[in-house]
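Reviewing the structure listed below.
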């Protein structure tokens, strides 16, 4: 019933928009993308070479999209996506097998641009939200991996002055897709629970070099156990200073909230990165140095909540051990990027990771499965381990992008003695755009 209601509302919006544009102004565009990947996961979940079978599989993501411009101010965008997989080996079941997956509505939204004398933009519907430094908003559907990233959302942007804007964002992301049709519906869990949020996100260009982005977010996560719903507030700001060839990026956010049971939750996040490019040097190298801090506490339901940023932030492989629930982590990082040719780039990252607190086995329901890996012996420490990543990208053609990614993580004494084998993550990808 809810899906039919949503579809009816969207159809009504389209019918309302259509007459508002001159027939000569109506334009239609469409396209198709095909992503092919092979991934090999060795001990990325348990860091134990004797226990879990490794995953070796292909992923085929197909997306068909279309856009209708009713006028320069009003448009409709829609996309359908499927990501099937073929497993050579899997932890889930023995032997090779094919997973056809679902066909889902990836994006479906109406755009209203430059209203009120160019001061207001409105986007209503299923949309991607990549905002700021991606500490808060990056992936609204972490449960399906990189198949989709969408949010069911309303986003308005008010340009207060030429140098300042304010975004209002409302999000309603259920655990499973209940709003739009799903073909071959597997009731796939997209989130841990139903999630809703209201946010204000500002951007102020103080001068030619400095941009400040203050924000406040209220999020509700529905109950997954006896503690009940979580109501959480996040207040913070991102600052970007840039003067070629250097840039400085910093962000600080504080969280406070409460479960229905009365248990409090608090968190703190901080990031600081310095970028230095060398445009006159061969290969135009760029160096990045910095670190992150995501709080954690040694009692249940505490620590930083990543809100809508459960995505491969700085690591695909290590992130899987956390199920991309970035919390209780500190890290110092050094990265570099070179253009080996005009079409081939090399990126590397070296990082050391710590935990900020010893997690109890009962800590955090969102991290189901990580508890048994923790070291509870006398030799335990807060040292998570060493991470190395390398990525080679090739712009093979206007319609074809490729890359090869390798990640290595060596666990340290934060993890149990039986969970200190190195993990490997390997992926190659080809992205076709038509």
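Numbering (my numbering), first residue to last: 11 to 444.
No residue lacks a Cβ here, since even glycine has one placed at the ideal position from N, Cα and C.
For the 7 angstroms CB-CB criterion, residue 134 and residue 120 form a contact. Between residue 315 and residue 415, the C-beta spacing is not below 7 angstroms.
Secondary structure of residue 254 (DSSP, three-state): coil.
Measuring C-alpha to C-alpha distances from residue 234 to each of 342, 201 and 220 identifies 201 as the nearest. The stretch 67–76 makes contact with the stretch 36–49; the number of CB pairs closer than 8 angstroms reaches 3 or more. When the beta-carbon positions are compared, residue 440 and residue 412 come within less than 7 angstroms of each other.
With a contact defined as Cβ atoms closer than 8 angstroms, residue 252 and residue 219 qualify at about 6 angstroms.
With 16 or more neighbouring CB atoms inside 10 Å of its own CB, residue 279 falls in the buried class. Taking C-beta atoms as the reference points, residue 410 and residue 442 count as a pair closer than 7 angstroms.
Less than 7 angstroms separates the beta-carbon of residue 36 from that of residue 80. In this structure residue 433 touches residue 52 by the C-beta definition: roughly 6 angstroms separates them, less than 8 angstroms. Ranking 322, 190, 340 and 199 by CA distance to the CA of residue 88 puts 190 first. Inter-residue distance for residue 351 and residue 293 is about 7 angstroms (C-alpha atoms, whole angstroms).
The three-state reading of DSSP puts residue 131 in strand, counting E and B together.
Residue 348 is positioned such that its CB atom lies closer than 7 angstroms to that of residue 356.
Taking C-alpha positions only, residue 103 is separated from residue 97 by approximately 10 angstroms.
DSSP places residue 398 outside any alpha helix (DSSP H); the residue lies instead in the beta strand (DSSP E), whose first and last residues are 393–407. Counting only runs of 4 or more residues that sit fully inside the stretch 225–286, no alpha helix (DSSP H) segment turns up. In the three-state DSSP reduction, residue 329 falls in the helix class (H, G or I). Cβ-Cβ separation between residue 257 and residue 214: approximately 17 angstroms, too far for a contact (criterion under 8 angstroms).
With fewer than 16 other Cβ atoms from the protein chains shown falling within 10 Å of its own Cβ, residue 107 counts as exposed. In the structure shown, residue 200 falls within a coil segment according to DSSP collapsed to helix, strand and coil. Proximity of the stretch 156–174 to the stretch 261–276 falls short of the contact definition, fewer than three beta-carbon pairs being nearer than 8 angstroms.
Ranked by Cα distance from residue 183, the first of 162, 170, 385 and 177 is 162.
Taking 7 angstroms as the cut-off, the Cβ atoms of residue 167 and residue 177 count as close. Residue 111 counts as buried, since at least 16 other C-beta atoms from the protein chains shown sit within 10 angstroms of its C-beta. In its chain, beyond the 5 residues on either side, 75, 87, 88, 89, 135, 136, 137, 138 and 160 have a beta carbon closer than 8 angstroms to the beta carbon of residue 117.
Taking C-beta atoms under 8 angstroms as the contact rule, residue 142 and residue 248 qualify, at a distance of about 5 angstroms. In this structure residue 148 is buried. Its beta-carbon is surrounded by 16 or more other beta-carbon atoms within 10 angstroms.
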